[in-house]
Structure formats: C-alpha cells, structure tokens
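The block underneath contains the structure these notes are about, expressed in structure tokens.
In full-length UniProt numbering, the protein residues as written are 1 to 736.
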C-alpha cells in the first residue's frame, strides 16, 4: 500500500527504447533508387527456381496441438478447422486497472522527486523520498540510482540490489556496480565477497576481481580474467590503460593479436591500431588495409598489396581480400578464398562477421546462376550466435531445396536451424521449410507435421503461410488472461505493476518504459505482464504496449493482442487513393512502433516515418497543405502516410510486396530486383522465393514483418478474420 509520512516542511524526444531501423522512403529514391543491388551488373536475370510443388495434404491428420476444439464456421472442403479464441478488443475489460489519482499528494511527490533526480540533484530528491513509504519509496530509490549518475556510490547501489533483487529495470545496475568497484578502489576482500555468488559481467568487474586475486597471490586466476576481458570485452581507453599498466606481463602476443582482430571486425580502428602495436611487426599495415577496405577507399587495393607476405595467410587479411573481391564483382574468386578458411572459432575470431560476408558472396553467386558454389559458401559457415547460425542454416537449406533440388540436404539444414530456434519467427521459418523439404521429397505426412508446428506461431509470416498449407482459414491469436480472474487481479497489485501505475499517474510514461520492458522480458508471471500491458492500454500508450507485447511473445507467452495494439493510429480523413486500415497499422508498427515523435537519423519523421520531401510531394498531389512541423502530429502523419501508401499501391498495380519493398528501399531498387529476379506478380515467379531473394536484409525482413502484421491487424480491426497471406503475396497478378 502507498502511504505518505507526515512531515514539515520535468519528456524526451523519443521516450524509452531505441526505435527499430527506419524504413522511410526518401524522395531521391523515387528518382532511381539507391545503388547496391547485389546481383552482378551486366548479367542475365538469374534463373528462379521452379514453382512450388502442390502436394495433396488435406487427408493427413494434423497433430492435436494445432487442431483444438474451438471452431468458428464450417471448414472449407479438404481443410482443417482452426482454433479461434475470442478476440479481446483494445479496451480495458469489466475490471479496469485501479490507477492512482494523478493529483494526489504522493503522486505529486513522485513527480517532484524524479524531476530532481533527473536534474542530478540527488539531495533534493532524497529529501522528498524521506517522507514516503512502501512501494512509492522503493520506486524512488530505483529512480535515484537510475538517474543519480556519479552521485550514487557503490554502497547505495548495492544496497538497493540486495534489498530488491526482483525489482525490474535493474539489469544495468550490476554492471554499474562493477564499474564502481574500480572507481572507488574497494579492498580485495570486499571485491572477492561481492563476486562470491556471481562471476563478473563486465570488463571492469573482471579487472577488479583480477586485482583482488593478484593481491592474494592468485596470479593464474587473475591472468585468466584479464585475458578474457582483453580478448572479448568492449571498454574505453581509461580501462585499457589500466589493464596495460597493471597486467601487461599477464598478456601474450596472441592476446594482443586476438584483440586487434576482434576490434577490426567491430570497425574500432584506433583501438585496433593500439593493439597491433603489441601484436608484432607489420600488423599496423594490416589495420590500415582493413580500414581502407571497409571504407571502400580508392587505395584499398594498394594497401592490401602492401601488407607483408608473412601476414597474407592471416584470416584477417583474407577477410578483407574476400570483401574487396566481392565488391569488385569477383564473387568466384572470393569463394575460392573462403574455401580455404578454417572454421575454428579461435582462428575466425568473429564467426558471425564471417557468416555475414559468406552470405553476401553466396547471394552474388546465386544471382550469377552458380547455385552449387553459393551452397558451398553458405554451408561451410562458422557462425556462432544462435541468430546467425539459424540464418546460415536457413540460407544453406533454401539454396539446396529451391536451386539444387536436394530436399534431403535441405532438411538437414532446416533441422539444425529448428534445433536452436527459440523465437516465434525462427521456429516458424525452420518448421515451414522442413515441411517444404518433406513436400519436395513426396512425404505428405511429414510435411503436415512440420506445417502444423509452424502454424502454431500464428502471428508470423511463415506460420501464416504454413496455416495456408494446412487449409486453415483464419488468423489465430493467443489472448491474454481473463482480467477478472483471481490470478490477474492479484498480479495487478504486484509491486512492479503498482510502480508502473504510479509513473503513469505522475505523467512519467517515458520513465515507465524501462520498467515495462524489463517486466516483459524477465517476469516469470504472465499475469503480471498482462496486467502491466493493460495499464499501458488504459493510458493509451501504444508504444509501451507494443514493446511489452513483442518482448512477451518472443518468450512464447500468450499475449499476442498486446503485441498488436490498435490504439496507435488516430482517426483521420483519408485523402488520395485509399488503402485498408490494417495496412496503415502494419506499416506504422514496423516503422515507428507507434511513436508519433519518432525521428530517424536520416530525417524520417512520425508514425509512418515519412521523409519530408516525400511527404511534401504526397501532400501536393492530394491537395493538402504541407507543414513540416506537423509530421510529428499523429493524425497528419497517418493521413499523409496512408496517401503515400495509396500512391505506391497504384504505382505497383495493387502488389503488396512491391509496395512494402518500395516503402522501405525505394521504387528504384525494386525495379532492379524485378529485372534480376522476375516480377512476383507473374504466375511463373514464386513470390515467396522472390521475397527471400531481396538482397537487402533489412528490406527482406521488413516485407515479411509487414505482411504478417497485415494479417493480424485485419483480425484485430475486425475488417477480415480470414487468412489471406497466399493471395496477398500474389496481389497485382497480371500486371503490368
């Protein structure tokens, strides 16, 4: 309960998390698009794989996990019913969240205290905090350590973490505490006690513990920590100097070389140069060459040639040579070099960056018609992070299946991807393509099993395609809990939920966002996450609701509706060529995450991330007065954004995938891709493969995400519950 103790006696431009990558369309793109198509110039358009085979799947049983009992309407002939839970609209149910009165004295106190902390006035904030008890007091203790900066010492930070181990929004605090161990020069016994239950999470923590080990004569233990930090961690110049001053005798030439290599992959060239000075003779020339190649400098080739012959077998040199050859449209030569590279992680240093380069080379080879070489380059990857390994195995399997007609090899790769997939998108993609491989091999029963697994991820692109394969006719969403259930009512009174409610009441929604996100990512209680989502909904905070819903669904929690808010687009009077409302929501969700004040580094603005030149041209065409300052007005931006979508739809004769690709990358690029890969509106071109062949990773992902958003928003807005993914992919058929 929140109480005040008797006693005498101000918003960020884009609150909360960083925005997703901008997808706005600059006016310059209308004039021909950005260069960078990874298809080789002068080559004939690459041959597309044959159309997808059609296998009779309807008579095979679907696992119980997909069928379920709630069925609405008769199933189509030969198709299976889909479970459709009752949709919960974006309005608080019969038992709305209990919210504090924004004018109450304790809420005013919260506002004033946090205002003081944010200004760096820890003393003023603490004076207000001293009058408060209970959950509000804990909330202000958290605000103090979050916003207090250098004025917050180790003891205060550690005390909060010890007293509130489950408080959300503190994932950063442990690392900050480790920094303070060094800054405050805590004694060895103190440092060792701090790390008695949990090993260091940061480079500063490792150095602090290494210093304690050295003081106790544990040189080998200290060396292991220092070498780990030096090789693998990112840190500033000050800590770098401390390590070199205090532990230089513990670091080997191999350590310096490994650090140099890793920093080169991170494009931290100044730090890499400093490491190269300790790595041995000639490595400074390697750093210069790597930097020049990465920057596409005109003298990059000469600098590569200037690297001493003794270092040209170094994997770092080979990486830049491969990159240089690829950019010179010499993919076959790049592939020959890649074939000689070890997949040993200690030699590669950064297997994920190597995979990225392999992907680019493989796609160039595929564009030139050499699918076999493309497969060899992709399949011999050394990717390390789960996300990159999944991507690498998908590419390998997709090339094997669709371009080499080898479903057995494809199945192996898709199986590897599926074994490590954890997020809905990755799970659905791996399972869908396992189904496609089984189809191609003529195993309809196995195909249905994998399509059923993919279809369980109904909010994803490939989950929706799999549903279509099974004959499922509707988009299935996983609803939240009954807001009147005992579990939900109890969760709404949790300390975390009450803290969020207090911040909303105080008008501090940007301060609430870190708590909301951390609750969604870490809370073991789905009811608590649902309750916090309803608070965001009650305050019509579409962006917070979206980030909560996305984080929750990434964990597999049944909060699909929170992940697709319908409160983010205001009512507006359509102008120009009209588009369906679900499309506007689908684009805004991907572009700005429903943040009206969003502004990208390149100048795109507002809900729909419109570039000023594009917005001005659209306004002129539809007869609206253009006002640059109003692009952060949600209604005005949505009106112009919808009109611009209408322009693109007209330009592409109703094609959704070409419209969405153009919105992200520009019509000029899309025209190049049509020339290279065929027109996806044509019946002989497989639209699914066409999307996968988009050479820009951002645009490829963008089209798939907007397409899946569209299916969900049709249902959420009540305009259409039927699943139309297959037909949406082929819209505009027959054009131009």
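Ideal placement from N, C-alpha and C gives every residue a C-beta, glycine not left out. None of these values were measured; they are calculated from a predicted model.
*Note down, one range per segment and in chain order, each beta strand (DSSP E) of at least 3 residues found wholly within the segment 463-519.*
Counting only runs of 3 or more, we get nothing.
*Got a sec? Which residues, its chain only, sit under 6 Å from residue 147 by beta carbon, not counting five neighbours each side?*
The residue labelled residue 147 in the question sits at position 147 within the chain shown. Spatial neighbours of residue 147 in its own chain (CB-CB distance under 6 Å, excluding positions within 5 residues in sequence) are listed in chain order as 117 and 118.
_Nearest to residue 353 (by Cα), restricted to the options 536, 570, 378 and 203_ = Against the chain shown, residue 353 aligns to sequence position 353. Answer by Cα proximity: 378.
*asked:* Whole angstroms are fine: how far does the CA of residue 556 sit from the CA of residue 115?
replied: Position 115 of the chain shown, counted from the start, is the residue given in the question as residue 115. Position 556 of the chain shown, counted from the start, is the residue given in the question as residue 556. Near 37 Å, if we compare the C-alpha coordinates of residue 556 and residue 115.
*Alpha carbon of residue 258 to alpha carbon of residue 344, nearest angstrom*: Here residue 258 refers to the residue found at position 258 of the chain shown. Here residue 344 refers to the residue found at position 344 of the chain shown. Taking the straight line joining both Cα atoms gives about 13 Å.
*Would residue 350 be called buried (16 or more neighbouring beta carbons within 10 Å of its own) or exposed?*
As a first step, residue 350 must be located in the chain shown, where it is residue number 350. Burial call: buried.
*At 4 residues or longer, and completely inside the segment 251-310: list those alpha helix (DSSP H) runs for me, N to C.*
Runs found: 253-265, 269-279, 283-294 and 300-305.
_Assuming contact is defined by CB atoms lying nearer than 8 Å, are residue 713 and residue 564 in contact in what I supplied?_
Within the chain shown, the letter at position 713 stands for residue 713. Within the chain shown, the letter at position 564 stands for residue 564. Yes, the Cβ-Cβ distance between residue 713 and residue 564 is below 8 Å.
*asked:* Is the beta carbon of residue 473 closer than 8 Å to that of residue 723?
replied: Taking the first residue of the chain shown as 1, we reach residue 723 at position 723. Taking the first residue of the chain shown as 1, we reach residue 473 at position 473. Taking 8 Å as the Cβ cut-off, residue 723 and residue 473 qualify as a contacting pair.
*If we count the other Cβ atoms within 10 Å of its Cβ and call it buried at 16 or more, is residue 704 buried or exposed?*
Within the chain shown, residue 704 is the residue found at index 704, counting from 1. When all chains shown are included, residue 704 counts as buried.
_Please return the same chain residues whose Cβ sits closer than 6 Å to the Cβ of residue 271, not counting the five positions on each side in sequence._
In the chain shown, the residue the question calls residue 271 occupies position 271. If we look at residue 271 and ignore the five residues flanking it on each side, its Cβ neighbours are 263.
_Alpha carbons only, please: which of 441, 414, 439 and 440 is nearest the one belonging to residue 428?_
Within the chain shown, the letter at position 428 stands for residue 428. Here the closest residue by C-alpha is 414.
*Leaving out the 5 sequence neighbours to the left and right, which residues in its chain are closer than 8 Å to residue 727 when beta-carbon positions are compared?*
By 1-based counting over the chain shown, the position of residue 727 is 727. Same-chain partners within the cutoff: there are none.
*Of the listed residues 150, 493 and 616, nearest to residue 120 (C-alpha basis)*: Position 120 of the chain shown, counting from 1, holds the residue named residue 120. Considering only alpha carbons, the answer is 150.
_Beta-carbon contacts of residue 311 that lie in its chain and below 8 Å, excluding the five residues immediately before and after_ = On the chain shown, position 311 is the one that residue 311 refers to. So the list reads 282, 283, 285, 286 and 317, once near-sequence residues are dropped.
*asked:* If contact is defined by three or more beta carbon pairs under 8 Å, each pair taking one atom from either stretch, is the segment 653-662 in contact with the segment 620-635?
replied: Short answer: they don't touch.
*Selected residue, minimal CA-CA separation from residue 137, among 697, 106 and 560*: As a working mapping, residue 137 is identified with position 137 in the chain shown. Closest by alpha carbon: 106.
*Straight-line gap, residue 538 to residue 328 (C-alpha atoms, nearest Å)*: In the chain shown, residue 538 corresponds to position 538, counting from 1. In the chain shown, residue 328 corresponds to position 328, counting from 1. Answer to the nearest angstrom: the Cα atoms are 55 Å apart.
*Just how far apart, CA to CA, sit residue 716 and residue 669?*
Your numbering for residue 716 matches position 716 in the chain shown. Your numbering for residue 669 matches position 669 in the chain shown. C-alpha separation (whole angstroms): 32 Å.
*Are the Cβ atoms of residue 208 and residue 247 separated by less than 8 Å?*
Looking up residue 208 in the chain shown gives position 208. Looking up residue 247 in the chain shown gives position 247. Against a cut-off of 8 Å, the Cβ pair of residue 247 and residue 208 comes out as no contact.
*Which residue comes first and which comes last in the alpha helix (DSSP H) that contains residue 364?*
Position 364 of the chain shown, counting from 1, holds the residue named residue 364. Here the alpha helix (DSSP H) through residue 364 covers 351-367.
*Identify, in the order they occur along the chain, each residue of the same chain with its Cβ nearer than 6 Å to the Cβ of residue 514, setting aside the five sequence neighbours on each side.*
The residue you call residue 514 lines up with position 514 of the chain shown. Only 169 meet the Cβ criterion.
*Where the alpha helix (DSSP H) containing residue 684 begins and where it ends*: In the chain shown, the residue the question calls residue 684 occupies position 684. Here residue 684 belongs to no alpha helix (DSSP H), and DSSP marks it neither H nor E.
*Euclidean distance between Cα positions of residue 732 and residue 648*: Start at 1 with the first residue of the chain shown, and residue 732 comes out as number 732. Start at 1 with the first residue of the chain shown, and residue 648 comes out as number 648. The straight-line gap from Cα to Cα measures roughly 12 Å.
*Through-space distance from residue 602 to residue 213, alpha-carbon basis*: The residue labelled residue 213 in the question sits at position 213 within the chain shown. The residue labelled residue 602 in the question sits at position 602 within the chain shown. Between the alpha carbons of residue 213 and residue 602 lies a gap of roughly 49 Å.
*As assigned by DSSP and simplified to three states, the class of residue 12*: The residue labelled residue 12 in the question sits at position 12 within the chain shown. A caution first: residue 12 carries a pLDDT of 29, below 50, which makes its placement in the model unreliable, though a value can still be read off. In this structure, residue 12 counts as coil in the three-state DSSP scheme.
*Beta-carbon proximity of residue 584 to residue 549, cut-off 8 Å*: Here residue 584 is taken as the residue at index 584 of the chain shown, counted from 1. Here residue 549 is taken as the residue at index 549 of the chain shown, counted from 1. Cβ distance not < 8 Å, so residue 584 and residue 549 don't count as in contact.
*Buried or exposed: residue 709, going by 16 or more other Cβ atoms within 10 Å of its Cβ?*
By one-based count along the chain shown, residue 709 stands at place 709. By the neighbour-count criterion, in which 16 or more other beta carbons inside 10 Å mark a residue as buried, residue 709 falls on the buried side.
_8 Å Cβ cutoff, residue 240 in contact with chain D_ = In the displayed structure, chain D is absent; only one protein chain is listed.
_Endpoints, the alpha helix (DSSP H) within which residue 160 is located_ = For the purposes of this step, residue 160 is taken as residue 160 along the chain shown, with counting starting at 1. Start and end: 154-163.
_Contacting residues, own chain, Cβ-Cβ under 7 Å from residue 63 (five flanking each side not counted)_ = Within the chain shown, numbered from 1, the residue matching residue 63 stands at position 63. Low local confidence applies: a pLDDT of 34 at residue 63 is under 50, so the model's placement there is unreliable, with the coordinate-based value given in what follows. Taken in chain order, the residues that qualify are 449 and 452.
_Supposed contact pair residue 401 and residue 751 - C-beta distance, whole angstroms, cut 8 Å_ = The chain is shown only over 1 to 736; residue 751 falls outside these bounds and no answer can be derived.
*Does the separation of the CB atoms of residue 319 and residue 301 fall below 8 Å?*
Position 319 of the chain shown, counting from 1, holds the residue named residue 319. Position 301 of the chain shown, counting from 1, holds the residue named residue 301. Their beta carbons are not under 8 Å apart, which means residue 319 does not touch residue 301 by this criterion.
_Straight-line Cα distance separating residue 608 from residue 720_ = Position 720 of the chain shown, counted from the start, is the residue given in the question as residue 720. Position 608 of the chain shown, counted from the start, is the residue given in the question as residue 608. Linking residue 720 to residue 608 through their CA atoms gives a straight-line distance of about 23 Å.
*Exposed or buried, which one is residue 811 when buried takes at least 16 other CB atoms within 10 Å?*
The question about residue 811 has no answer here: the residues shown for the chain are numbered 1 through 736.
*Grab the span of the alpha helix (DSSP H) containing residue 213 for me, first residue to last.*
Counting from 1 along the chain shown, the entry for residue 213 is found at position 213. Run containing residue 213: 203-215, per the alpha helix (DSSP H) assignment.
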